[in-house]
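**Student:** In my numbering, each number is its position in the sequence shown, counted from 1, plus 10.
Cβ coordinates follow ideal geometry from the N, Cα and C atoms, glycine included.
Please see the structure below; I have some questions.
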Amino acid sequence: MDLLSGIWTYVGTFLVVLTVLVFVHELGHYLVARRNGVRVDVFSIGFGPELFGFNDRAGTRWKFSAIPLGGYVKMFGDADAASTPGGGLREMTPEEREVSFHHKRVGQRAAVVVAGPAANFLFAIVVLAGLFALQGQPFTPPVIGEVQADSAAAAAGLQPGDRFVAVAGREVERFEDVQEAVRTGAGSPMEIVVERDGRQVATTAVPEATEITDRFGNTHRIGLLGISRSGMEFRRLDPLSALWTAGSETVKLTVGTLGAVGQMISGSRGTEELGGPLRIAQMSGEVAQSGIVALVWFMAILSINLGLINLFPIPMLDGGHLMFYAVEAVRGKPLGERAQEYGFRIGLALVLTLMIFATWNDLVHLRVFDLFRG
């Protein structure tokens with residue numbers, strides 16, 4: 011019984027989280043497609059054989075499929091779930107062209123494609139705004155609680171009770187702002203201004219490069235000053251402030267993710283942090299045990315990442331379609347069928363390679379190979 015309960019905690023939570031995020035993403039595509047007069051043939055949560063579903067009045071088949079690792083919206087004129095143009099586009103009647111996705115203007119098609127990632131970003135903003143308005147935004151005053159001996163902070167002369175005013179030329183309002191600036195500044199001199207006894211004191215600190223392991227087993231190389239915060243509180247915001255703050259947090263998370271990807275590409279950050287479905291399932295179960303608020307936070311972060319990844323200019327993903335549409339807008343006509351076919355093949359190879367690599371990282375992280383060797 012305990013084993014079954016554990017499986018449900020991890021796998022069940024993962025499937026619920028993924029289903030919600032995939033539904034939000036595909037609903038964005040669906041609504042904008044319908045708004046632009048496109049007929050939608052299939053709205054699927056998952057891939058592969060259908061498990062169950064129904065047809066609505068507009069002729070769309072809404073269904074759940076056997077492989078719950080994504081989903082798709084298949085529009086009239088698509089040859090497959092990847093929205094590859096079908097072979098019979100030229101033989102369509104005027105009435106069929108009117109509701110065909112591939113006969114819409116390039117701007118309309120781009121709007122349909124970008125609506126999926128946009129829905130994920132909007133979902134994250136709404137969820138975070140709800141948390142900030144109902145529970146409150148986690149707020150940590152930028153005040154030092156303790157200073158570790160022989161640390162970068164001690165060497166810079168920082169003391170308990172100091173309130174940060176600016177770090178690396180940027181004003182700070184929360185202790186998290188200090189952490190964010192310091193984490194990425196390992197080994198580099200950093201100008202710091204603090205308030206002490208009613209006056210401002212300027213100093214220079216060099217954050218110590220340190221490797222840490224998070225609760226999920228991921229290793230990160232970050233900068234640390236060697237200080238602790240003085241406490242934490244939650245500030246409930248009015249609806250407008252909550253919405254604005256949620257938008258700002260979404261932008262920060264997006265920029266942070268792009269920065270991490272850039273560091274991986276440049277080689278300054280390891281790729282072992284890349285995780286696939288197994289890692290997400292593990293994290294979902296771990297977070298679910300911390301409570302519903304933590305799980306909602308996790309869903310918002312995942313939604314941002316799902317929207318961002320889909321915007322990468324890789325054929326098969328939404329960003330790849332947008333790249334093709336940009337070329338079409340410049341050329342005045344779409345790319346040839348062969349060029350698009352090769353593009354989708356390359357995109358499929360890249361996506362599959364990334365999935366295999368991420369799954370390999372998951373297996374290593376979860377010590378599956380050690381289990382078999384044992």
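(1) Work out the CA separation of Trp254 and Leu305 for me, nearest whole Å.
(2) Quick check on Ile314: buried or exposed, where buried means 16 or more other Cβ atoms within 10 Å of its Cβ?
(3) Spell out the partners DSSP gives Ile232 in its beta bridges.
(4) Helix, strand or coil, according to DSSP, for Lys262 in the structure here?
(5) Just to check, is the beta-carbon of Leu247 closer than 8 angstroms to a non-hydrogen atom of the ligand SAM?
(6) Who are the near neighbours of Gly317 in its chain, counting only those whose CB is closer than 6 angstroms to its CB and skipping five residues on each side?
(7) What residue does the beta strand (DSSP E) around Gln210 start on, and which one ends it?
(8) Could you tell me which residues DSSP puts in a beta bridge with Ala176?
(9) Tell me the DSSP secondary structure of Ala196 in three-state form.
(10) Using a 10 Å radius around the Cβ and a threshold of 16 neighbouring Cβ atoms, would you call Gln299 buried or exposed?
(11) Examine the Cβ distances between the stretch 157-164 and the stretch 354-371 and report whether three or more of them are shorter than 8 angstroms.
(12) Let me check one thing: in DSSP terms, what residues is Asp51 bridge-paired to?
(13) Might you give, ordered along the chain, the residues of its own chain that have their beta carbon closer than 8 angstroms to the beta carbon of Ala359, omitting 5 neighbours on each side?
(14) Sorted by chain position, which residues of the same chain lie with C-beta nearer than 8 angstroms to Val30's C-beta, five sequence neighbours on each side aside?
(15) So Phe111 and Asp88 are supposed to be a Cβ contact under 8 angstroms. How far apart are they, rounded?
(16) Measure the beta-carbon distance from Ile232 to Arg289 and round it to whole angstroms, keeping in mind my assumption that it falls under 8 angstroms.
(17) Going by DSSP in three states, Pro127 sits in which element: helix, strand or coil?
(18) Could you check the C-alpha separation between Asp248 and Ser258 for me, to the nearest Å?
(19) Would you kindly check if the distance between the Cβ of Ala212 and the Cβ of Ala163 is under 9 angstroms?
(20) Got a sec, what are the start and stop residues for the alpha helix (DSSP H) Tyr390 sits in?
(21) Within its chain, find whatever has a CB closer than 6 angstroms to the CB of Ala349; leave out the 5 residues flanking it on each side and keep chain order.
(22) Would you give the residue range spanned by the alpha helix (DSSP H) that Gln292 belongs to?
(23) Would you mind working out which of Ala219, Val203, Gln189, Gly295 sits nearest Gly179, comparing C-alpha positions?
(24) Exposed or buried, which one is Lys343 when buried takes at least 16 other CB atoms within 10 Å?
(25) Could you tell me how far apart the beta carbons of Val116 and Leu312 are, in whole angstroms, since I believe they sit closer than 8 angstroms?
(26) Comparing C-alpha positions only, which one of Asp51, Arg246, Glu105, Gln292 sits nearest to Thr23?
(27) How many angstroms separate the CA atom of Met11 from the CA atom of Val21?
(28) Can you check which of these residues, Arg341, Asp187, Trp307, is closest to Val137 by C-alpha distance?
(29) Measure the CB-CB distance between Ile77 and Phe57 and report whether it falls below 9 angstroms.
(30) For the alpha helix (DSSP H) that contains Arg45, what are its first and last residues?
(31) Identify which residue in Ser198, Thr103, Val42 has its Cα closest to the Cα of Tyr218.
(32) Could you spell out where the alpha helix (DSSP H) holding Gly317 opens and where it closes?
(33) Evaluate Asp328 with the Cβ neighbour count: other Cβ atoms within 10 Å of its Cβ, from every protein chain shown; 16 or more gives buried, anything less gives exposed.
(34) Taking the continuous beta strand (DSSP E) assigned at Arg239, which residues delimit it?
(35) On the criterion of 16 or more Cβ atoms from any shown chain inside 10 Å, does Pro152 qualify as buried, or is it exposed?
(36) Where do the ends of the alpha helix (DSSP H) carrying Phe111 lie?
**Tutor:** So, from the data block:
(1) What you label residue 305 is simply residue 295 of the sequence shown in a count that begins at 1. What you label residue 254 is simply residue 244 of the sequence shown in a count that begins at 1. The alpha-carbon atoms of Leu305 and Trp254 are separated by roughly 22 angstroms.
(2) Here residue 314 is taken as the residue at index 304 of the sequence shown, counted from 1. By the neighbour-count rule (16 or more Cβ atoms within 10 Å), Ile314 is buried.
(3) Counting from 1 along the sequence shown, the entry for residue 232 is found at position 222. Bridge partners of Ile232: Thr220.
(4) Taking the first residue of the sequence shown as position 1, residue 262 is located at position 252. In this structure, Lys262 counts as helix in the three-state DSSP scheme.
(5) For the ligand SAM, the structure offers nothing, since it holds no ligand at all.
(6) Stepping through the sequence shown from its first residue, residue 317 is reached at position 307. Cβ neighbours of Gly317 beyond the five flanking positions: Pro127, Asn130, Phe131.
(7) Indexing the sequence shown from 1 puts residue 210 at position 200. Where Gln210 is concerned, the enclosing beta strand (DSSP E) stretches over 209-215.
(8) Mapped onto the sequence shown, residue 176 falls at position 166. According to DSSP, Ala176 bridges with Glu181, Val203.
(9) Taking the first residue of the sequence shown as position 1, residue 196 is located at position 186. Three-state result, Ala196: coil.
(10) In the sequence shown, the residue the question calls residue 299 occupies position 289. It counts as exposed.
(11) no
(12) If you number the sequence shown from 1, residue 51 lands on position 41. Paired residue(s): none; Asp51 is not in a bridge.
(13) As a position in the sequence shown, residue 359 is number 349, starting the count at 1. Excluding positions up to five away in sequence, the list is empty.
(14) As a first step, residue 30 must be located in the sequence shown, where it is residue number 20. Excluding residues within five positions, the ones whose Cβ falls inside 8 angstroms are Met309.
(15) Counting from one through the sequence shown, the residue named residue 111 turns up at place 101. Counting from one through the sequence shown, the residue named residue 88 turns up at place 78. Indeed they touch by this definition, with Cβ atoms about 6 angstroms apart.
(16) Reading the sequence shown from its first residue, position 222 is the one you call residue 232. Reading the sequence shown from its first residue, position 279 is the one you call residue 289. So it is not a contact: roughly 20 angstroms between Cβ atoms.
(17) Walking along the sequence shown from the start, residue 127 turns up at place 117. Helix, per DSSP.
(18) Here the question's residue 248 lines up with position 238 in the sequence shown. Here the question's residue 258 lines up with position 248 in the sequence shown. Each residue's alpha carbon lies about 15 angstroms from the other.
(19) Position 153 of the sequence shown, counted from the start, is the residue given in the question as residue 163. Position 202 of the sequence shown, counted from the start, is the residue given in the question as residue 212. Not closer than 9 angstroms, so no.
(20) As displayed, the chain neither begins before 11 nor continues past 384, which places residue 390 out of reach and without an answer.
(21) Against the sequence shown, residue 349 aligns to sequence position 339. Counting only Cβ-Cβ distances below 6 angstroms, and skipping sequence neighbours, we find nothing.
(22) By 1-based counting over the sequence shown, the position of residue 292 is 282. That run of the alpha helix (DSSP H) goes 287-298.
(23) Position 169 of the sequence shown, counted from the first residue, corresponds to residue 179. Gly179 has its Cα closest to that of Val203, out of Ala219, Val203, Gln189, Gly295.
(24) In the sequence shown, the residue the question calls residue 343 occupies position 333. By the 10 Å Cβ count, Lys343 comes out exposed.
(25) As a working mapping, residue 116 is identified with position 106 in the sequence shown. As a working mapping, residue 312 is identified with position 302 in the sequence shown. So it is not a contact: roughly 31 angstroms between Cβ atoms.
(26) Translated into positions along the sequence shown, residue 23 becomes position 13. Looking at the Cα atoms, Gln292 is the closest of the given residues.
(27) Looking up residue 11 in the sequence shown gives position 1. Looking up residue 21 in the sequence shown gives position 11. Since pLDDT at Met11 reaches only 42, below the 50 mark, its modelled position is unreliable, and the value read off the structure follows with that caveat. Met11 and Val21: Cα-Cα distance of roughly 15 angstroms.
(28) Here the question's residue 137 lines up with position 127 in the sequence shown. When each option's Cα is compared against that of Val137, the closest is Trp307.
(29) Locating residue 77 in the sequence shown gives position 67, counting from the first residue. Locating residue 57 in the sequence shown gives position 47, counting from the first residue. Result yes, Cβ atoms of Ile77 and Phe57 sit closer than 9 angstroms.
(30) Mapped onto the sequence shown, residue 45 falls at position 35. Where Arg45 is concerned, the enclosing alpha helix (DSSP H) stretches over 23-45.
(31) Within the sequence shown, the letter at position 208 stands for residue 218. The question names Tyr, yet the displayed sequence has Glu at residue 218. Closest option to Glu218, Cα to Cα, is Ser198.
(32) Numbered from 1 along the sequence shown, position 307 holds the residue referred to as residue 317. Counting along the chain, the alpha helix (DSSP H) containing Gly317 begins and ends at 302-320.
(33) Numbered from its first residue, the sequence shown carries residue 328 at position 318. Per the 10 Å Cβ criterion, buried.
(34) As a first step, residue 239 must be located in the sequence shown, where it is residue number 229. Unbroken beta strand (DSSP E) run through Arg239: 237-239.
(35) Counting from one through the sequence shown, the residue named residue 152 turns up at place 142. Per the 10 Å Cβ criterion, buried.
(36) As a first step, residue 111 must be located in the sequence shown, where it is residue number 101. Note, Phe111: premise wrong, no alpha helix (DSSP H); not H, not E.
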